[in-house]
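S.K.: Under UniProt numbering, the first residue of the sequence shown carries the number 1, and numbering increases by one thereafter. Don't be surprised by glycine CBs; every beta carbon is placed ideally from N, CA and C.
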Amino acid sequence: EEIVLMIPHHDKTNERKTYNDRDVDYDTVMEDIYEAIGCKEAKAKPAIGYKIEGSPAKTGAISLMSSEDWEGLCDDVLEKQEAKSKVFKINIIVAAEVPFTMPMPLLEKDGKGKERSDRKSSKKKKNAVKSFKFDSDSDSEDDSNDGMGKSTMDKETRFIGELTSTYGNCALCKPKICKIGQGIHVSLTFNMRAAWAAALAHEEAGVTLSTPPKTEQFRQFHHSIELPTLVSNLSDPTTPSFGSNMSVMKEFVAPIIGAFAAVNQLSNPRQNNPETPTPHARPVQSPQCVGIPSSNGFDEQDINPYPTIDDFFTSLDVVEPQCNLSRYVATLTGLDFYNIDNIAGLTVRVLQDDVGMSLGNATHVLNMVKKKIHVVNKGRKEFRNTIGYV
């Protein structure tokens with residue numbers, strides 16, 4: 001749980017401060033930051049923000065002006081470090097105008113260009129406060145100070161608090177903060193709340209406490225952001241599809257193959273078709289599996305119409321990254337489960353004991369698999385009906 005801060009020093013270098021765990025007090029952290037900056041004794045402290053190493057250059061800094069902000073920083077960076085198995089530095093950002101106290105005698109240059117110390121002026125200026133314009137070049141991000149005025153940061157902090165109080169009372173998701181989007185509870189991470197608060201602080205059009213920004217980060221709350229593809233009508237609206245092109249082809253082509261097979265059977269009544277369903281090459285785990293499509297016009301030569309477990313879990317992680325379902329893909333494929341219909345008949349206990357899922361993840365996976373199978377089956381049925389009327 002190592003947390004590394006890179007703090008801009010008053011001499012335009014960066015000071016590295018390392019904390020071995022997240023339990024360090026927020027006030028202690030701020031004292032360390034102000035001391036490194038050189039404004040610990042100043043009455044008016046500058047606004048402080050941060051950006052985690054690897055963040056996109058165009059994203060704004062996140063406020064670090066409250067203990068809740070510090071908790072959010074710890075949550076985000078520790079989650080990122082656990083996922084990538086490496087330490088990510090946090091670059092501390094300071095507002096443009098910063099009151100600095102100079103802890104050393106001011107150095108001046110004589111006519112020959114050599115530095116000399118003016119002891120008399122140093123005594124007078126020793127405790128003086130100097131207005132210092134923070135040089136963004138001392139940080140690795142060139143645009144890290146854009147829009148970091150104190151008033152804007154105060155607004156962002158206030159809006160983060162309002163969003164937290166508004167969406168932090170869900171009895172189902174506590175202590176996590178969530179908002180319902182397209183029928184499901186979507187976790188609002190600290191980064192999402194910070195982006196939403198920044199949009200509110202800058203008074204972006206259409207953004208309110210009930211309506212988040214219309215960006216990719218909040219796509220699950222805006223129907224119009226859905227990708228305009230033919231497959232979108234067959235996809236579960238609660239789980240945006242971010243799978244490979246092959247999985248998209250499977251979902252679209254499989255209904256067509258099944259439908260034409262059905263038409264072929266109707267046009268050739270002399271053929272002796274078996275009345276019992278043709279089994280899959282690999283049978284499902286349980287006979288009580290819900291939502292498996294009818295075998296009419298479907299045989300073992302058909303492409304499996306359901307998403308692969310890899311693609312499906314990846315799309316679920318986009319919506320709820322805290323579940324981290326992708327880590328179970330290797331285990332399931334090692335047990336010869338490849339598509340989601342293969343695991344639809346499993347029980348919560350099996351997913352816990354044999355796959356290693358938590359109770360919450362196992363329950364969530366089975367619910368989402370059932371919904372996805374229902375959506376695919378419904379789309380296949382509608383497509384067959386359309387072919388029948390042509």
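(1) Return yes when the Cβ of I93 is within less than 8 Å of the Cβ of Y34, no when it is not.
(2) I need the straight-line Cα distance from A83 to T386, nearest angstrom please.
(3) Please state if the CB of M6 and the CB of K89 are separated by a distance shorter than 8 Å.
(4) With DSSP as the reference, label P213 as helix, strand or coil.
(5) On the DSSP bridge list, what partners appear for H185?
(6) Is L332 near I303, with beta carbons less than 8 Å apart?
(7) Which same chain residues end up closer than 6 Å to S151 when comparing Cβ atoms and leaving out the 5 residues on each side of it in sequence?
(8) Could you please give me the residues that DSSP links to P8 through a beta bridge?
(9) I'd like the list of long-range same chain contacts for Q217, defined as Cβ closer than 7 Å, with 5 residues on each side in sequence excluded.
(10) Please classify R205 as buried or exposed, where buried requires at least 16 other C-beta atoms within 10 Å of its C-beta.
(11) Leaving out the 5 sequence neighbours to the left and right, which residues in its chain are closer than 7 Å to P212 when beta-carbon positions are compared?
(12) By Cβ distance, which residues of its chain are closer than 6 Å to C173, with the 5 residues on each side in sequence left out?
(13) When you compare only the Cα positions, how much space is there between V24 and E2?
(14) If the criterion is Cβ atoms closer than 8 Å, does the pair D32 and K45 meet it?
(15) Check whether the Cβ atoms of L351 and V365 lie closer than 8 Å to each other.
(16) Compute the Euclidean distance between the alpha carbons of L335 and V355, then round it to the nearest angstrom.
M.R.: In this structure, then:
(1) Contact flag unset, no.
(2) For A83 and T386, the distance between alpha carbons rounds to 46 Å.
(3) Yes, Cβ-Cβ distance for K89 and M6 is below 8 Å.
(4) Coil.
(5) In the DSSP assignment, H185 is bridged to I180.
(6) Going by C-beta atoms, L332 is not nearer than 8 Å to I303.
(7) For S151, there are no CB contacts under 6 Å within the same chain when 5 residues up- and downstream are skipped.
(8) Answer by DSSP bridge pairing, in chain order: N14.
(9) When the five nearest sequence neighbours on each side are left out, the beta carbons in the same chain lying within less than 7 Å of the beta carbon of Q217 are those of M192, A195, in order along the chain.
(10) Note that residue 205 corresponds to Ala in the displayed sequence, not to Arg. The residue in question, A205, is exposed, as its Cβ has fewer than 16 Cβ neighbours within 10 Å.
(11) The answer, listed in chain order, is W196, F218, F221.
(12) The beta carbon of C173 sits closer than 6 Å to those of H185, all from its chain and outside the five residues before and after it, given in chain order.
(13) In a straight line, the C-alpha of V24 is about 11 Å away from that of E2.
(14) No, they are not a contact pair.
(15) For L351 and V365, yes; Cβs fall inside 8 Å.
(16) C-alpha separation (whole angstroms): 9 Å.
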